[in-house]
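Protein chains: 2
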Amino acid sequence: MPVRDGNKTGIPKGVINRLPLYYRYLAELARQEVEKVSSSELGEALGLTAAQIRSDLSYFGSFGQHGYGYRVDELYNQISSILGLDRAYNLILIGAGNLGKAIASYQNFRNRGFEIKAIFDNDPLLEGKYLSGCIIQPIDKLTEYLANNPVDIAVITTPREVAQDVCNQVIAGGVKAIWNFAPVRLQVPEGVVLEHIHLTNSLLRLSFKMKHSDKIKD
Amino acid sequence: MPVRDGNKTGIPKGVINRLPLYYRYLAELARQEVEKVSSSELGEALGLTAAQIRSDLSYFGSFGQHGYGYRVDELYNQISSILGLDRAYNLILIGAGNLGKAIASYQNFRNRGFEIKAIFDNDPLLEGKYLSGCIIQPIDKLTEYLANNPVDIAVITTPREVAQDVCNQVIAGGVKAIWNFAPVRLQVPEGVVLEHIHLTNSLLRLSFKMKHSDKIKD
DNA sequence: TAGATTGTTAATCGATTAACAATC
DNA sequence: TAGATTGTTAATCGATTAACAATC
């Protein structure tokens, strides 16, 4: 499995954004029991060039066959593995407000091996209630929980005021990945990975595009 | 107000992503009653180069003063206007499940002039209930509503199966902007703008980063 | 084999950064 | 005026695309 690039230069962000697209489209093809696909067919379907798809894949190895294309099931498995979907993840969720409830109830993640194991919230009215099969615990139980249970990903759906504090706590407890929904740029040390879903920024981009739709690239 | 670029080449995506950052940080500075800020101070705070900030702003005009920097309140107002926040928007929300409820209850948008005026859902159990001050209506009232009320933005929080169909309906009703939370790539005609929040893609990126944290750029 | 499509290199394109004249 | 910082051009960097030898 020759890899185009050592870990000197790294994987460009655009590649990381496109991998989930490939994954999802290949999942769809596999469901339809399509056997093979070429980079130009993939490009056609996803609005990308064939060259870009081949180039993206070549960061991770050679998965196709000259003159044939890619076997759908094989490429799907390879990309699943590249995305880290060949294992299960333990999640905890901090903040059981509306957004936290929505995420806890969302089944798409669970189906792919991301399971919420514990939920924390500071509201005494929520304490002891069940949400998606988890009992809601007060946040001062968080450190104890982290000391006794393996946690891969912390999902932060708290108000912005406490998000950084919660973030620091879970990092202190050894969590290495944070999925943040609070509207604040969290500071994390080297070695902790972070994905941010920022609803307001997205809405502001939409508003911008409405005002400037004539002069937007792409 | 000399603009660096006609609408020949357009505004790069990166600029659109950064404008909300500038907006939010300037709002914070204004709240703290800071009077002036330089591009290097902004860059420092946001993890960007001073040159990039000046370059981004120059797409829209010249807002600074040589030898001084930028007046916080003035730049804040200018960026607000660039983002289209100098007016109000009428929103409708289709899909009153967990995610729809979370968004309807989220006050951050309303404070900036984005107001949800109507909510639609196909579930007969929800019909007639109130959510954030709106009565939940069946989706077959949607076309009639669009014919009689101005709608700037449709928020789609339906299941993926019906999202494209709902999208087509609102576009047929004249809506020019769609904020999509359903896990599907919506097809929209020229002239309709689209912002997509894709929770699963974000989680897959996080998973990827966990597996490859050693070889990621930036 | 002939036809097709990969993987990869070279060429192109676009975005970021550095540098600096303009100027408050 | 001297010092500082902008707005913009030129240089650099990185990502995308085109081209093609390798090969199934």
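Top line first, the protein sequences correspond to chains A and B.
For the first sequence, this note's numbering begins at 20 and goes up steadily by one.
For the second sequence, this note's numbering begins at 20 and goes up steadily by one.
Glycine included, C-beta positions come from ideal geometry on N, C-alpha and C.
Residue i: CB within 8 Å of a non-hydrogen atom of the ligand SAH
i      : result
B:F133 : You won't find the ligand SAH in this model; it holds no ligand whatsoever.
Buried versus exposed, by CB contacts within 10 Å (16 or more), residue i
i      : result
B:N36  : exposed
B:A191 : exposed
A:E214 : buried
B:P178 : exposed
B:Q51  : exposed
B:P39  : buried
A:D140 : buried
B:S81  : exposed
B:S100 : exposed
B:H231 : buried
B:K228 : buried
A:G83  : buried
A:L144 : exposed
A:G152 : exposed
A:G210 : exposed
A:A137 : buried
B:G86  : exposed
Cβ-based neighbour list, residue i, same chain, cut-off 8 Å, excluding 5 preceding and 5 following
i      : result
B:A182 : I175, N199, A201, V203, L205
A:K27  : Reliability fails at A:K27, whose pLDDT of 40 lies under 50, so the model's placement of it is uncertain and the value that follows must be treated cautiously. Once the five neighbours on either side are set aside, A:K27 has no close Cβ partner at all.
A:A64  : Y44
B:V56  : L45, L48, G88, Y89, V91, L94
A:G66  : none
A:D105 : S99
A:P157 : F139, D140, N141, P143, E146
DSSP beta-bridge partners of residue i
i      : result
B:I197 : B:A173, B:L213
B:N109 : B:E134
A:F139 : A:I113, A:Q156
B:I235 : A:I30
Residue i, DSSP secondary structure in three states
i      : result
A:L48  : helix
A:G88  : strand
A:L104 : coil
B:Y149 : strand
A:V207 : coil
B:V34  : helix
B:V53  : coil
B:T68  : coil
B:N167 : helix
B:G119 : helix
B:L144 : coil
A:S226 : helix
A:F82  : coil
A:P39  : helix
A:Y125 : coil
A:S221 : helix
A:S74  : helix
B:G192 : coil
Spatial neighbours of residue i in its chain, beta-carbon cut-off 6 Å, leaving aside the 5 residues before and after
i      : result
A:V170 : N109, I111, V194
B:V207 : L213
B:I72  : S58, L61, G62
A:A173 : I111, V189, V194, I197
A:N168 : none
B:F79  : I101
Contacting residues, own chain, Cβ-Cβ under 7 Å from residue i (five flanking each side not counted)
i      : result
A:K148 : I155
A:A107 : G132, E134
A:D75  : V34, R37
A:I235 : K228
B:G114 : D140, I175, T176, T177
B:T162 : Q188, G192
Practice problem: Decide if the segment 108 to 127 of chain A is in contact with the segment 119 to 134 of chain B; the criterion is three or more beta carbon pairs, one per stretch, under 8 Å apart. | Solution: yes
Quiz prompt | Cβ contact check for the segment 83 to 94 of chain A and the segment 215 to 233 of chain B: 3 or more pairs under 8 Å | solution = Segments in contact, no.
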